[in-house]
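Undergrad:
Protein chains in written order, with our numbering: chain V, 5 to 227; chain E, 4 to 843.
#1: In the DSSP output, what is residue 702 of chain E paired with across the bridge?
#2: Going along the chain, which residues of the segment 104-125 of chain V sit with their C-beta nearer than 8 angstroms to a C-beta in chain E?
#3: Between E/659, E/804 and E/293, which has its C-alpha nearest residue 551 of chain E's C-alpha?
#4: Does the Cβ of residue 392 of chain E have 16 or more other Cβ atoms within 10 Å, making it buried, or fewer, making it exposed?
#5: How long is the line joining the alpha carbons of residue 297 of chain E and residue 431 of chain E, rounded to whole angstroms?
#6: Near residue 99 of chain V, which residues of its chain fall below 8 angstroms by C-beta distance, leaving aside the five closest residues on each side in sequence?
#7: Have a look at residue 495 of chain E and residue 79 of chain V and give me their C-alpha separation to the nearest angstrom.
#8: Expressed to the nearest angstrom, what Euclidean distance is found between the alpha-carbon atoms of residue 699 of chain E and residue 573 of chain E?
#9: Got a sec: which bits of the segment 71-98 of chain V sit with their beta carbon under 7 angstroms from any beta carbon on chain A, in order along the chain?
#10: Residue 301 of chain E versus chain V: which residues are under 7 angstroms apart at the beta carbon?
#11: Which same chain residues, not among the five before or five after residue 22 of chain V, have their C-beta less than 6 angstroms away from its C-beta?
#12: Taking 8 angstroms as the CB-CB cut-off, is residue 2 of chain V touching chain E?
#13: So, do the segment 770-786 of chain E and the segment 817-825 of chain E have three or more beta carbon pairs nearer to each other than 8 angstroms?
#14: Looking at the secondary structure, which residues open and close the alpha helix (DSSP H) in which residue 749 of chain E lies?
#15: Which residue comes first and which comes last in the alpha helix (DSSP H) that contains residue 625 of chain E?
#16: Secondary structure at residue 98 of chain V, three-state DSSP: helix, strand or coil?
#17: Name the one or two DSSP bridge partners that residue 168 of chain V has.
#18: Cβ of residue 128 of chain V less than 8 angstroms from any chain E Cβ?
#19: Within the continuous alpha helix (DSSP H) that includes residue 131 of chain E, where are the two ends?
#20: Looking at the structure shown, is residue 269 of chain V part of a helix, part of a strand, or coil, going by DSSP?
#21: Quick check on the DSSP output: the beta strand (DSSP E) that includes residue 116 of chain E runs from which residue to which?
#22: Could you tell me the boundaries of the beta strand (DSSP E) in which residue 552 of chain E lies?
#23: Once the 5 residues before and after residue 22 of chain E are set aside, which same chain residues still bring their CB inside 6 angstroms of it?
#24: Going along chain V, which residues have a C-beta under 7 angstroms from residue 18 of chain E?
#25: Considering residue 23 of chain E, what are the terminal residues of the alpha helix (DSSP H) in which it resides?
#26: Which word fits residue 118 of chain V, buried or exposed, when buried means at least 16 other C-beta atoms lie within 10 angstroms of its C-beta?
#27: Assign residue 200 of chain V to one of two classes, buried (16 or more other C-beta atoms within 10 Å of its C-beta) or exposed (fewer than that).
#28: Helix or strand or just coil, what does DSSP make of residue 96 of chain E?
#29: Starting from the C-beta of residue 453 of chain E, find all residues in its chain whose C-beta is less than 7 angstroms away, skip the five residues before and the five after it, and write them out in chain order.
#30: Can you list, in chain order, the residues of the segment 48-60 of chain V whose Cβ is nearer than 8 angstroms to any Cβ on chain E?
#31: With a threshold of 7 angstroms on Cβ separation, who are the neighbours of residue 394 of chain E within its own chain once the five nearest residues in sequence on each side are excluded?
#32: Rounded to a whole number of angstroms, what is the C-alpha to C-alpha distance between residue 98 of chain E and residue 108 of chain E?
#33: Starting from the C-beta of residue 37 of chain V, find all residues in its chain whose C-beta is less than 6 angstroms away, skip the five residues before and the five after it, and write them out in chain order.
#34: Provide the residue span of the beta strand (DSSP E) that contains residue 193 of chain E, from first to last.
#35: Straight-line CA distance for residue 70 of chain E to residue 207 of chain E?
#36: Rank E/632, E/648 and E/488 by C-alpha distance to the C-alpha of residue 613 of chain E and give the top, closest one.
Shown next, in the form of structure tokens:
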């Protein structure tokens, strides 16, 4: 599902160019749940953005479901993302002016799929928010917002799910509930999961853990 | 696609307008001015069109100077419809005891009158009854202000020339008053049979004979004109139909509307900056939403479409509000000023000027919103998620093309829609240059602040904070200088021109202008006139012989087919005063050719005003043909003169060699300067000694001019102030957009130990420097613009009047400081804990 070959990412800053990723090689088979850990600033989120097609690599290649994302234009990558990739952020990233229902339906609406609202309602029910579909994010708790984000990420039954510290802003109980939902839906839909996390307990739920330090991937921390 | 974009746009707007409110306000104000100017103009022109017959006095008006129509001519005219005649001239009306006199505009009527419209008298009666001859004599109807001037009432008598006439009514409404050019005194209506008793009809007297014609059914204006041209080809009839009622008023309307529209466009241009600011602030507030949508698969096109829809909806709202206000303003304005207008203007909704104003608003919105929209849509999602510093992105070529095309369309529409396209193009060229100059000035201001910040690093804290706010990245300095600067420039130019004109008319002209113009002095009366004036203390008396004539050919080409410059058109419309002189008049300057010998007897020679010669495309050696009393006279141009019309001294466009007018029934006009305490007695003495002579008090004429200038100046100042108001909106919008940053900075400074006094001093200094810089620049630009208008368009000497200029500089500094302080007061009072706990 994911194939990264000698992946490089350099970003410009006011202090000069910053080398974020220094040749990452990665192979993730379809259906696998992979955890990526590492210290702050190691490039975890940047790697996730490259795999999501939100950023273009400055060197190397990234293929998702056999599609070389680096060769696509921004709009082509956006269109690929709609139905193939779901993303869950640490800070939920719900659109504040849309209800839970509208937030979840967006990927299907953008892809002009019929029945977007019905599908959104259905998956919101599955994450336990059937009674909250018309609530705005500001009217939901943190845990509820992240459940909406999970529903949104899965509504199109994506082949790849990317989750960046999904429980980072939640208390333990809410976080546990969200993670159970996440893994449950991942197994049900057979999605490949790439989970970025600091939490070793969370990482242990994945089939494999990789460690990212100074822009390079290791199998173990400190190696 | 559009359904999805509409849904996305609607959902996004639930989050509030966040800056789009400024878009609405800026567009509404700018569109309102243009719509109001256009609607007012359309209403007045509709009146001229629809009431043209009543305003003219008929379907056609035929005018001759010096002689009445012959019986043959009248029989010819009667073959086309109903005919009415009028004799118009100026004369002096006096109290019988001679204690007061005033100039009046006599209209002696014969036949049915009026042919169109209604003449209203007070007390109401038929005009024939009011003017008829009874045992008491002939009756007259007069303007009510004549009664005030002479201290008379209805039923009293007054004398005109040799006749004593009874005032039987005042005139409440005269439908064709507008058709009388240049009236200096109140109207006096009399029966044409009463006129001979006044003794005013003498050879050489300046008398206009009008024939008014109401066409019979089936007759047309074109057919009549053709028939007259065929039958009376050699006659000097001046023919006007109802589409050309008042050429002078039409020209005045064209100029006022052009100016108001250009001021409105300037307001819209300034408003465009507000549109860019507002749209930019709105799009910045939606960055996170855009980032999320892109993560979820929205393409750049979908983002652009959604946000363009949002901006468009609010822009349309702003334009609609502006159009409504602009359509309603004439109703309110006309209620206030209708009594001062020469005719009743139409009220109504005029779609053409409203559509034009709407188009201007749309193009401005497109030109100024396209940039922020293009930049926002093109931002990569990763950058937005990373909250990387977003700034200095460039627009794509397609966006730049859209902006350029919108700008060109705007300029093109402004030129095409103007009555005077050349003037419109000049104003747009100046406006574009001013826009570019102020854009550069904004950058210069930032650079200057940065330089001062580095150069004077030892300044006190408030100064350093103020300077750094002015030149930091993202500072609104450039936009504020541009928007306020343009508004202040327009205001400066308007104030300077009006102040110069007012000073010219109130002080400079009266100081050098003669006290009186005396008209219709016959050849045998000149000695009596000179003696009377000398006896009453008259000074600097100048006399010139005069006759009226009409230019018929320019260098052998009929005037109708000759291309004449716009500013010389007046010379070929109607008849002109023509004089003769053996020697070059004093205080005249020849710019080409030479004067003829005093005893010259050769073929007719002519001296021509150099400005008119330029407008006609004539040079020394070429010819000009005139129709004088029905006879064609062709003279060769011997020289060109610079004529200073502004001096109000006696001047003539055309002066002929004396032999050209040998035997012609000339009359004399004279200018006289009189000591202030002798003015009334001198005038009375002349009018008593020569009752057929008319006098025009120059001061009264200047009063009329002053009123017109004041009226026009008020309207234009109001429009300029609205432009300034739009600039103020942009300033307020820029302040509001920077509020979050300002709050965060204020809190950090407080945490580090800055006092409230330091902070408020810094803000006051920041905006005071900005305002003074902008005001100074506007004073320079506006001063230059005002100078150019005075010297090149109005052909006046431009005086540097420090009052308006200083006023603008100080007002600029004060207004910006006050608005800035008011706008940042919330930030200065922000509590630290709230901001520090929730930094985003």
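The beta-carbon is built from N, C-alpha and C at its ideal position, and this holds for glycine as well.
TA: Once the coordinates are examined:
#1: Residue 702 of chain E pairs with nothing; no bridge assigned.
#2: 106, 110, 111, 113, 114, 115 and 116
#3: E/659
#4: Confidence at residue 392 of chain E is low in this model, with a pLDDT of 45, below 50, so its placement is unreliable and no value can be given for it.
#5: 42 angstroms
#6: 106, 107, 110 and 141
#7: 51 angstroms
#8: 22 angstroms
#9: Protein chains V and E are contained in the structure displayed, whereas chain A is not.
#10: 82 and 114
#11: 15
#12: Since the displayed chain V opens at 5 and closes at 227, residue 2 of chain V lies outside it and no answer follows.
#13: yes
#14: 742-754
#15: From DSSP, residue 625 of chain E is part of no alpha helix (DSSP H); its letter is neither H nor E.
#16: coil
#17: V/200
#18: no
#19: 130-134
#20: Since the first residue shown for chain V is 5 and the last is 227, residue 269 of chain V is missing from the structure and cannot be characterised.
#21: No beta strand (DSSP E) contains residue 116 of chain E, which DSSP labels as neither H nor E.
#22: 542-557
#23: 281, 284 and 285
#24: 100 and 101
#25: 23-53
#26: exposed
#27: buried
#28: strand
#29: 474
#30: 53, 56, 58 and 59
#31: Confidence in residue 394 of chain E is poor, its pLDDT being 48 and thus under 50, which makes the residue's placement unreliable; the coordinate value appears in the next sentence. So the qualifying residues of the chain are 476 and 477.
#32: 16 angstroms
#33: 197, 210 and 211
#34: 190-194
#35: 10 angstroms
#36: E/648
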